[in-house]
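Quick notes on the structure that follows.
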């Protein structure tokens, strides 16, 4: 779940930007919450009570913006802070606030969306654990240790890679898919696979074979999309290997 909170002094700009950001989140099927504030008191209360992943702060009034970001940073250095409506020349005076991104004008919505997209990926990398409740206990499993998920109705089985260990819990595969990093691929109504553990792609049999010898099936309906995503993943992995 991605939590975003925005403070924009102009209500019209706030509403317009909210629609743009919400459209981006929806089109990318991101499980998220989006809160918008036009008054500094409301945003300050949000910072005090909330635990947002990304804060978007309007610096058209530098005193108010500075006050809000200082409030965020007093609580934690972890959340991403995107400063909008500040010129680059003024940024040097506020580097101590540890801004995560700068967008000079709120009208530059493309740059803002690019900043959110980049920060989303960085947040996913920083959080390397899948968290779920199993038999009344909260569990954390490193993403790299997960081979695949299998569902039957609302019952999900998490298969630990190269191990006989399995975890059973209640959830929707759709909800799980939304919080997983990009190396996980939904390939069937009942399966999500960790592409890093795939050793062979059997196109004829529409099956992924894992290094652990497990088999994960690909649905006929999703085959074209799945095949394309897996090929792009393999190409990206090859490029990273060459860069190293």
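Residue numbers (the numbering used here): 0 to 243.
For every residue, glycine included, the Cβ atom is placed at its ideal position computed from N, Cα and C.
Nothing here was measured: the structure is a model prediction, and the numbers come from that model.
First and last residue of the uninterrupted beta strand (DSSP E) at residue i
i: residue 56; result: 53–57
i: residue 129; result: 128–133
i: residue 139; result: 136–141
Cα-Cα separation between residue i and residue j, rounded to whole angstroms
i: residue 150; j: residue 129; result: 16 Å
i: residue 30; j: residue 179; result: 10 Å
i: residue 77; j: residue 38; result: 24 Å
i: residue 177; j: residue 90; result: 34 Å
i: residue 131; j: residue 83; result: 35 Å
i: residue 1; j: residue 201; result: 35 Å
i: residue 222; j: residue 236; result: 21 Å
i: residue 48; j: residue 181; result: 30 Å
i: residue 26; j: residue 41; result: 28 Å
i: residue 19; j: residue 121; result: 21 Å
i: residue 203; j: residue 216; result: 11 Å
i: residue 144; j: residue 231; result: 22 Å
i: residue 110; j: residue 164; result: 44 Å
i: residue 227; j: residue 13; result: 37 Å
Given residue i as reference, the closest of the options once Cα atoms are compared
i: residue 198; options: 148, 233, 222, 219; result: 233
i: residue 16; options: 34, 27, 1; result: 34
i: residue 10; options: 68, 26, 148, 36; result: 36
i: residue 162; options: 81, 205, 211; result: 211
i: residue 184; options: 43, 225, 81; result: 225
i: residue 52; options: 112, 148, 181, 118; result: 118
i: residue 196; options: 215, 209, 112, 61; result: 209
i: residue 219; options: 63, 205, 227, 144; result: 205
i: residue 46; options: 116, 25, 19, 79; result: 79
i: residue 92; options: 175, 65, 221; result: 65
i: residue 62; options: 49, 127, 50, 85; result: 85
i: residue 24; options: 203, 216, 116, 215; result: 116
Cβ-Cβ separation, residue j to residue i (assumed contact under 8 Å), whole Å
i: residue 213; j: residue 158; result: 7 Å
i: residue 193; j: residue 146; result: 6 Å
i: residue 81; j: residue 43; result: Not quite, the Cβ-Cβ distance comes to about 17 Å (not below 8 Å), so this is no contact.
i: residue 207; j: residue 172; result: With a Cβ gap of about 16 Å, residue 207 and residue 172 do not count as contacting.
i: residue 67; j: residue 87; result: That belief does not hold up - the Cβ atoms of residue 67 and residue 87 are roughly 20 Å apart, past 8 Å.
i: residue 140; j: residue 155; result: So it is not a contact: roughly 12 Å between Cβ atoms.
Host alpha helix (DSSP H) of residue i (start-end)
i: residue 87; result: 87–90
i: residue 151; result: First-last for residue 151: 145–151, but that is the beta strand (DSSP E), not the alpha helix (DSSP H).
Taking 8 Å as the threshold, find out whether the stretch 163–171 comes into contact with the stretch 184–201 through three or more Cβ pairs. The answer is no - the stretch 184–201 does not touch the stretch 163–171, with fewer than three Cβ pairs under 8 Å.
I want to know whether the stretch 3–21 touches the stretch 49–59 - three or more CB-CB distances under 8 Å. Verdict: yes, contact present.
Would you check if there are 3 or more beta carbon pairs closer than 8 Å linking the stretch 104–120 to the stretch 134–143? They do not touch, by the three-pair rule.
Can at least three beta-carbon pairs, one atom from the stretch 86–97 and one from the stretch 60–74, be found at a separation below 8 Å? Contact holds: three or more Cβ-Cβ distances are below 8 Å.
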